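Peer 1: Numbering (our numbering), first residue to last: 1487 to 1769.
Built from N, CA and C at the ideal position, the CB exists for glycine as well.
Bear in mind the structure is a predicted one, so any value in this text is a computation, not a measurement.
1) Measuring only the C-alpha atoms, how far is residue 1578 from residue 1658?
2) With a Cβ-Cβ cutoff of 8 angstroms, do residue 1709 and residue 1638 count as a contact?
3) What three-state label does DSSP hand residue 1612 in the structure shown?
4) Let me make sure I understand the geometry here. Which of 1726, 1548, 1611, 1757 has the alpha-carbon closest to that of residue 1582?
5) Taking Cβ to Cβ, would you say residue 1453 is nearer than 8 angstroms to residue 1571?
6) Return the chain-ordered list of same chain residues with a C-beta closer than 7 angstroms to the C-beta of residue 1625, the five sequence neighbours on each side being excluded.
7) Can you give the Cα-Cα distance for residue 1585 and residue 1595, rounded to whole angstroms?
8) Exposed or buried, residue 1692, counting other C-beta atoms within 10 Å across all chains shown (16 or more means buried)?
9) May I have the straight-line CA-CA distance separating residue 1725 from residue 1560, to the nearest angstrom?
10) Is it buried or exposed, residue 1617, if we count other Cβ atoms within 10 angstroms and call 16 or more buried?
11) With distances taken from CA atoms, which of 1662, 1762, 1670 is nearest residue 1705?
12) So with Cβ pairs under 8 angstroms, would you call residue 1691 a contact of chain B?
13) Cutting at 7 angstroms between CB atoms, please list the residues of its own chain near residue 1734, excluding the five before and the five after it.
14) Can you tell me which of the three DSSP states residue 1627 falls into?
15) With a threshold of 8 angstroms on Cβ separation, who are the neighbours of residue 1554 within its own chain once the five nearest residues in sequence on each side are excluded?
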């Protein structure tokens, strides 16, 4: 082995260490910018999911994971895979939390149908709006009870009920909750029966869920085909490795083979994103 073979890993390790040092020395400024971004965007994903991890801690964990992925890929394989592992380790937690948040919003929207019916029946029986919301918080499981508990807390602090619903819609970024907030706001301004508004919105949610179910059934084949096509190149590599190991070892021996494999990974990722975008039909 030449001295350059030892020098390059040392230089890489020194560069990563220096980057960590710069980040730690600028920690306060970084945390301040991160907090401002969280407040401006209204992204309360960690709080919504009841995770005992602050945004600052999550950012540090993602950076440490990216560094670990880069070092593993560099020393185990090559610089191409190192960059790929670094990006994947940094992006994966954000994608995972985003999926958890979407599932939570979908569950809230599905629970909202029965919740609105309970609110309407409570108002018909003579309860006030605050008492009806307290009943929803008591009778329903999370996450709907958590959101209405926040609405109830804001109402007790003097925030108008319509404003509390608007805050809930902004927090969840849900069109259904936005329709609910707009309907309640218009009804309180021009007059009307809230029980009728709740019934109509519940019916709208049912119809929307029905349409989304049909769309998911129609696009299921396309999603499955895209998934199979995405796994096919890697499955073919595994099969060829067991049939002709020398051919696969040759591909990873030469630089052009490694670049070709990295290009395939990038193209598969782009294809999967493109397919998901095409099949993401907004109702």
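Peer 2: Here's the rundown:
1) 22 angstroms
2) no
3) coil
4) 1548
5) Since the displayed the chain opens at 1487 and closes at 1769, residue 1453 lies outside it and no answer follows.
6) 1604
7) 15 angstroms
8) exposed
9) 26 angstroms
10) exposed
11) 1762
12) The question asks about chain B, but that chain is absent: this structure has only one protein chain.
13) 1723, 1726, 1727
14) coil
15) 1575
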